[in-house]
Each structure stands twice: as C-alpha cells, then as structure tokens.
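Numbering (the numbering used here), first residue to last: 2 to 118. Working notes, structure below.
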Amino acid sequence: AAQAQAEGGEANWVALELKHDRVCSIFSRMVLEKVDNLAVLGGDASIILPLHFARASIAQVCINFPEPPHHSGDDAAESKLHLLTGEFFVTLGRVLARGGKITVFSDNRKYCQSLCR
Numbered sequence: 002a003a004q005a006q007a008e009g010g011e012a013n014w015v016a017l018e019l020k021h022d023r024v025c026s027i028f029s030r031m032v033l034e035k036v037d038n039l040a041v042l043g044g045d046a047s048i049i050l051p052l053h054f055a056r057a058s059i060a061q062v063c064i065n066f067p068e069p070p071h072h073s074g075d076d077a078a079e080s081k082l083h084l085l086t087g088e089f090f091v092t093l094g095r096v097l098a099r100g101g102k103i104t105v106f107s108d109n110r111k112y113c114q115s116l117c118r
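Written as structure tokens, this is what we have:
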C-alpha cells in the first residue's frame, strides 16, 4: 500500500495475496490511507494471472518472500504453496510488457540461487 500511495497518479498497483489475513491487512491500509491506485485481490497468483490479466499488461512484478518448496533441505521436496515454478515464470513472461521486470524479495539465499538455475 505504501509504494502504491507513493506512486499515486503515476502507476496503478495490484496486490495479490494468497493468505486471507494478509488480504484483509492490505485492504484495510488501502481504505484507511485512501490509496486510490491499488486493487487488492485474494487468491492464487498462478491461477489469477493467466485468467484475468491481458498479455503484456504489467510493467513490473514484485514477489515478496515467496514460500520455498523445500523446508527439509531436500531440493526435490514439494510444497503446495510454492509459487515460483517454471510454468509460473512462463505466465509472468506472457503478462509482462516488453522490458517488464520481475523482482523477488527473499531472505532465503539458497532458494534465490535455486531460482536462478
């Protein structure tokens, strides 16, 4: 909500969150701070992006602290909350405008390195 508010009149923002409590928190901030260039959506980005966003319609995607697939240290382990799959990156490539950017914020260095492979 803070970044959207800072860019009011310059950019429109969409906050897409899987967890209900986080959706409520972002929505509350948006309303209380009167941020009029932010839409808040609750749901799975891997489903919402390909169904509801047009090709080349997004300038930048920021992914904040994604859930890594491996909690046990086993790189082959799976997690149902894992978003950053090869298929999802293909979806991002479809919805990103030419020259669009993807930024992933994480405190998990091992996970970030695995995404670069």
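Quick reminder that beta carbons are idealized off the backbone N, C-alpha and C, glycines included. Everything numeric in this text was worked out from a predicted model, so none of it was measured.
For F89, the enclosing alpha helix (DSSP H) has its first and last residue at G87 to V96.
Per DSSP, reduced to three states, the secondary structure at F28 is helical. Apart from the 5 residues on each side of it in sequence, R30 sits with its Cβ closer than 7 Å to the Cβ of A2 in its chain, given in chain order.
Contact annotation, V24 with G43: C-beta distance approximately 4 Å; criterion of less than 8 Å satisfied. Excluding five sequence positions before and after S115, none of the CB atoms of its chain fall closer than 6 Å to its own CB. Note that the C-beta distance between W14 and L39 is below 8 Å.
DSSP places C113 inside the alpha helix (DSSP H), whose first and last residues are R110 to L116. I27 and D37 have their C-alpha atoms spaced approximately 13 Å apart. The alpha-carbon of A98 is positioned some 30 Å away from that of D22.
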